[in-house]
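Going by the working numbering, the sequence shown opens with residue 1375, and the numbers climb by one from there.
Structure record follows, encoded as structure tokens.
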Amino acid sequence: MATHRPSELAIGESTLEPPLTLSTETATPAAAQEAHVRELLNRWGSGGFFRLKYMGEKIFVDRIEQGAAYVVDLRTHYEERTFRQIEEPYGGGPVDDNRVPPDVWQVPVRPAAEFEQQVEKVVVPGTERVALCGGCAGNGRVVCPQCHGQGHRVCPNCGGTGMIEQQVAVAGPGDPKNNTMTAPRVLRRRCHCGGGQVRCSACAGNGAQTCGRCRGTGRTKTFEQLQARFYVVEGRQVLDDTPVADKALGELTGECELELKAPLITGHRQVSEKVGQCIAAELKKSHAIDARQQRVLAQSLNVARIPQTEVKYTYAGVERRLWICGKEERVFAPGAPWQRERYWLLVGGIVVAAAIVLVVLAFVLVR
């Protein structure tokens, strides 16, 4: 075991020596592992302002245990097909209405690449129909909604009165001290409209507009449009019994436990019971679709084993635990000891800075 540094030694004192390390060439596997853990904790302690520097040399290591977490990733590529009725102006041309419309999955659609997300819209063959426009009854024009067919509307400037009132200030008699006074006065003048009405700009005074549904043709074409939506659903489950956050574990790399890719995954090789149950639940959920509108195009399953080293240690008489996870050997140490003197130094600095600001403000205000 490496030398234990007294916890009361202040960080940053000139008497603090570099951490001691063990030679892994002559140490036993257990001793070499403990030396490696201490080295990692020394490095971790130097990476944060409040962390305990040289933490690896200041703790008593009670036990080191190896474990693992598992990250199950399942990606599923779906295709979903839906219909909707479309109406558009008809200005002539061929009409596809002489054949039986195909089934939803028989309509040809440009396929998506593997795990590509896109939307394709196509006309369903045999569903086109031409009819008189329901908006204008085939006339091509409709009553102007702005003037209700009158061709003119109330002038917005005078409100239909033909006169515009304007309030102005005029000079009045002076006060006893000969100061000029002003008084409000209302002036009325004729509006340029000439009678309170102006020509409707929406229909140019005709009282009618081109029908928006048929754009003046008097006929529309309706058809069934198929929308094929290709989308990917990604599911991630982290199997872990430690307090380490699942999100943090999911960002780490580990060893590939299982990797599969198929149009539809229905089975896999033997894995641990816990992992197998998770995979079965995720596959069952991904296969629960409405076959009339959806289908699975491809699936990808990856299971990663994230190595974990649990370290039980004692510091200042208190038993604690930490974890070293992933190939990155990232340290997660909830409740780890920290440098309180740096905390109070920071608080003191904030208080001093606030006091200086208040003094400066007081000086500026009293000038």
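We put the beta carbon where it would ideally sit given N, CA and C, even for glycine.
These numbers come from a predicted model, not from an experiment.
- request: Leaving aside the five residues before and after E1490 along the sequence, list all residues of the same chain whose C-beta is less than 7 Å from its C-beta, in chain order.
  value: Cβ neighbours of E1490 beyond the five flanking positions: F1604.
message: Between the alpha carbons of C1521 and R1455, how many angstroms are there, rounded?
response: Taking C-alpha positions only, C1521 is separated from R1455 by approximately 44 Å.
message: By the three-class DSSP mapping on this structure, what secondary structure does F1706 have?
response: Strand, per DSSP.
- prompt: Curious, which full-length alpha helix (DSSP H) runs of at least 4 residues does the stretch 1399–1473 contain?
  reply: 1403–1419 and 1429–1432
- prompt: If you draw a straight line from the C-alpha of I1698 to the C-alpha of D1447, how long is it?
  reply: 22 Å
message: With H, G and I counted as helix, E and B as strand and the rest as coil, what does DSSP make of G1579?
response: coil
- prompt: Can the beta-carbon of Y1452 be found less than 8 Å from the beta-carbon of Q1668?
  reply: yes
- prompt: At what residues does the alpha helix (DSSP H) containing V1649 begin and finish?
  reply: E1647 to H1661 is the extent of the alpha helix (DSSP H) around V1649.
- prompt: Using the rule of at least 16 other Cβ atoms within 10 Å of the residue's Cβ for burial, across every protein chain shown, is W1418 buried or exposed?
  reply: buried
- prompt: In chain order, what residues of the same chain lie with their CB nearer than 6 Å to the CB of G1709, ignoring the 5 residues before and after it?
  reply: R1694
message: Is it buried or exposed, R1379, if we count other Cβ atoms within 10 angstroms and call 16 or more buried?
response: Interpretation of R1379 is limited by its pLDDT of 39, a score under 50 that renders its predicted location unreliable; no figure is taken from the coordinates.
- prompt: Can the beta-carbon of R1449 be found less than 8 Å from the beta-carbon of S1674?
  reply: yes
message: Mapping the DSSP letters down to three states, classify I1730 as helix, strand or coil.
response: In this structure, I1730 counts as helix in the three-state DSSP scheme.
task: Would you mind giving the Cβ-Cβ distance between E1629 and R1704, rounded to the nearest angstrom? I have them listed as a contact below 8 Å.
output: At roughly 16 Å, the Cβ-Cβ gap does not stay under 8 Å, so E1629 and R1704 are not in contact.
field: Contained alpha helix (DSSP H) runs [length at least 4] in the stretch 1581–1641, N- to C-terminal order
entry: 1620–1624
- prompt: If you draw a straight line from the alpha carbon of V1645 to that of V1445, how long is it in whole angstroms?
  reply: Looking at the backbone, the Cα of V1645 and that of V1445 are separated by about 13 Å.
- prompt: Contact check, R1425 vs W1712 under 8 Å by CB: the rounded distance?
  reply: 6 Å
Alpha carbon of L1626 to alpha carbon of K1701, nearest angstrom: 7 Å
message: I'd like to know if G1466 contacts chain D, where contact means its C-beta is closer than 8 Å to some C-beta of that chain.
response: Absent here is chain D; the protein component of the structure consists of one chain.
field: Coil, strand or helix - Q1363 by DSSP
entry: Limits of the chain in this structure are 1375 at one end and 1741 at the other, which puts residue 1363 out of reach.
Alpha-carbon spacing of V1670 relative to A1654, whole angstroms: 16 Å
- prompt: What is the DSSP secondary structure of A1665, counted as helix, strand or coil?
  reply: When secondary structure is reduced to three states using DSSP, A1665 falls in the coil class, being assigned neither helix nor strand.
task: Have a look at V1497, C1507 and G1592 and flag the residue whose alpha-carbon is nearest the alpha-carbon of Q1480.
output: Nearest neighbour of Q1480 by Cα position, chosen from V1497, C1507 and G1592, turns out to be V1497.
task: Measure the alpha-carbon distance for T1742 versus E1633 and round it to whole angstroms.
output: The requested residue 1742 does not occur in the structure, where the chain is confined to residues 1375 to 1741.
- prompt: From A1728 to K1432, what distance separates their C-alpha atoms?
  reply: 36 Å
task: If I'm right that L1561 touches Q1583 with Cβ under 8 Å, what's the distance once you round it to whole angstroms?
output: Not confirmed; about 39 Å, so no contact.
message: Suppose the cutoff is 7 Å on Cβ atoms and the five residues either side in sequence are ignored; what does the same chain contact list for I1639 look like?
response: L1657, Q1673 and L1675
- request: Apply the 10 Å Cβ neighbour rule to N1531 and answer buried if 16 or more other Cβ atoms are within range, or exposed otherwise.
  value: exposed
query: How close, in whole Å, do the beta carbons of C1585 and G1523 come, if the pair is a contact with beta carbons under 8 Å?
result: Not a contact, Cβ separation roughly 14 Å.
- prompt: From Q1492, F1457 and E1462, pick the residue whose C-alpha is nearest to that of V1478; which is it?
  reply: F1457
- prompt: What's the gap between the Cα of C1742 and the Cα of V1607?
  reply: Nothing can be reported for residue 1742: it is not among the residues displayed for the chain, which extend from 1375 to 1741.
query: When you compare only the Cα positions, how much space is there between A1665 and P1519?
result: Looking at the two C-alpha atoms, the distance is approximately 47 Å.
- prompt: Is the distance from the Cβ of P1475 to the Cβ of G1514 below 8 Å?
  reply: no
field: Pairwise C-alpha distance: G1422 and I1724
entry: 19 Å
message: So, for G1590: in the same chain, excluding its five sequence neighbours on each side, which residues have a beta-carbon less than 6 Å away from its beta-carbon?
response: Excluding the 5 residues flanking it on each side, G1590 has same chain C-beta neighbours closer than 6 Å at G1514 and T1584, in chain order.
query: In the structure shown, what three-state DSSP assignment does V1572 receive?
result: strand
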